[in-house]
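A.B. asks: Residues in the sequence shown are numbered from 138 upward in steps of one, following the numbering used here. Here it is, the structure in full.
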Amino acid sequence: MEDWRRIDIDALEPENHLSKEELIPDLPPTSHQDVVNTSQQVRASLSSGRFQEALALSLENPPYVADEATKKLHGETVFEVLCSIKNNHNTNDLGTFVKQLDSSQQDTLIKYLYKSMSTGYGAKQGGLLLNWFEKTVEITGLGPIVRFMTDRRTV
């Protein structure tokens with residue numbers, strides 16, 4: 138008997154297979170300069186102590202349709218905000234930051250937490266990311282995780 142776990146189900150129904158072009162969300166592309174401008178605004182908010190504003194701004198318009206370098210820059214900006222908030226506040230205060238985000242921003246936060254966990258800098262700061270993840274799931278429940286797994290828009 139063939140190992141059923143190794144069956145290529147896409148080969149069984151090729152008409153249902155999606156191409157790479159079909160997986161791209163129908164959104165306007167984000168330019169590298171837009172992400173650089175957002176990054177500068179976020180850093181200005183961080184330097185003046187407006188941490189909630191910086192977090193909301195970094196999660197507001199993620200570059201879903203952009204090249205990998207642009208996505209990487211925005212991911213590093215979000216990670217910088219998360220580190221700055223953690224360094225200047227108590228771990229128990231992280232929930233307050235998450236509560237003040239709208240549901241779309243909370244979903245985007247989960248996407249960036251997962252993305253950061255897969256990077257080298259995220260591996261070095263795993264405890265920080267897990268603290269944010271724990272507080273986010275505590276506030277939002279499991280909905281953002283399910284939406285992350287089913288959403289075609291990747292950060």
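Heads up, the beta-carbon is just placed ideally off N, CA and C, and yes, glycines get one too. Fair warning: this is a prediction, and the values are worked out from it, not measured in the lab.
Taking only the alpha-carbon atoms, compute the straight-line gap between K248 and F285 and give it to the nearest angstrom.
C.D. replies: 6 Å
A.B. asks: Would you identify the three-state DSSP class for D204, choosing helix, strand or coil?
C.D. replies: coil
A.B. asks: Would DSSP call I144 helix, strand or coil?
C.D. replies: coil
A.B. asks: Which whole-angstrom value is the C-beta distance of I276 and V235, which I expect to be below 8 Å?
C.D. replies: 5 Å
A.B. asks: Can you check which of these residues, I161, T273, L155, is closest to D239 by C-alpha distance?
C.D. replies: T273
A.B. asks: In angstroms with no decimal places, state the Cα-to-Cα distance between Q189 and D171.
C.D. replies: One C-alpha to the other measures close to 21 Å.
A.B. asks: Give me the Cβ distance between V202 and T167, rounded to the nearest whole Å; I'm assuming they're in contact under 8 Å.
C.D. replies: 6 Å
A.B. asks: Using a Cβ cut-off of 9 Å (strictly closer), state whether A193 contacts chain D.
C.D. replies: Of the protein chains in the structure, only one exists, and it is not chain D.
A.B. asks: Quick one: what's got a C-beta closer than 6 Å to K223's C-beta in the same chain, skipping five residues either side?
C.D. replies: L265
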